[in-house]
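Numbering (the working numbering), first residue to last: 67 to 245.
Ideal Cβ positions, reconstructed from N, Cα and C, are used throughout, including at glycine.
As the structure is a computational prediction, the values presented were derived from the model and not from experiment.
Notes follow once the structure below has been shown.
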């Protein structure tokens, strides 16, 4: 099994960031355009209501524990082949974290935990800015046994890094548009 982690600080309130990531409709725009990602089907289980007095969590639909989302995408540019990925949401806790677990898809195993933490940063001008640190932790096993291990060493891990780098820039762009 392999692990991958990524962090991003966003100059937005924790509730806004969590709401954005817990809405499955926001997943395709976070993927590179060439993948032509789309949500094929979503069976959403509404989470328990957010904590009383919590701002920003009711503007979108959230996929709570037990939700299943089927996504399809192109694995390489210009590919006529589309891969399907069925994920189930686990461990959902408003404004803290949730995990998506691959039920069916391209990996032998995949679990991705999204967590958010309120964090203040001091800019170069000395001004404090309230924001959110987004942490992504992925545990995965490549498919095809030993061949998958070779693929992981040759390109899969690098592709994960590139995917999350793209995702970071798109997250900033999409959240700024939503304001």
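Candidates the options, of which the one nearest residue i by Cα
i           : options               : result
residue 201 : 107, 216, 129 and 161 : 161
residue 181 : 67, 228, 91 and 203   : 203
residue 244 : 209, 67, 83 and 192   : 83
residue 225 : 101, 77 and 128       : 101
Residue-chain proximity (residue i, chain D), Cβ-Cβ < 9 Å
i           : result
residue 131 : Absent from the structure: chain D. Only one protein chain is present.
CB of residue i within 9 Å of CB of residue j, strictly
i           : j           : result
residue 169 : residue 152 : yes
residue 106 : residue 133 : no
residue 232 : residue 95  : no
residue 218 : residue 176 : no
residue 174 : residue 129 : no
residue 139 : residue 179 : no
For residue i, the first and last residue of its enclosing alpha helix (DSSP H)
i           : result
residue 81  : 80-88
residue 131 : That residue, residue 131, is in no alpha helix (DSSP H); it is neither H nor E in DSSP.
residue 187 : From DSSP, residue 187 is part of no alpha helix (DSSP H) but of the beta strand (DSSP E) over 175-188.
residue 227 : 223-244
Residue environment, residue i, which counts as buried when at least 16 other CB atoms sit within 10 Å
i           : result
residue 166 : buried
residue 137 : buried
residue 81  : buried
residue 115 : exposed
Cutoff 8 Å; reference residue i; Cβ partners in own chain excluding five residues on either side
i           : result
residue 75  : 185, 187, 197, 198, 199 and 200
residue 131 : 111, 113, 155, 156, 157, 158 and 164
Boundaries (first-last residue) of the beta strand (DSSP E) holding residue i
i           : result
residue 214 : That residue, residue 214, is in no beta strand (DSSP E); its alpha helix (DSSP H) goes 212-217.
residue 197 : 194-207
Residues of its chain near residue i, where Cβ-Cβ distance is below 6 Å and the 5 sequence neighbours each way are ignored
i           : result
residue 124 : Confidence in residue 124 is poor, its pLDDT being 49 and thus under 50, which makes the residue's placement unreliable; the coordinate value appears in the next sentence. So the list is empty, once near-sequence residues are dropped.
residue 86  : 92
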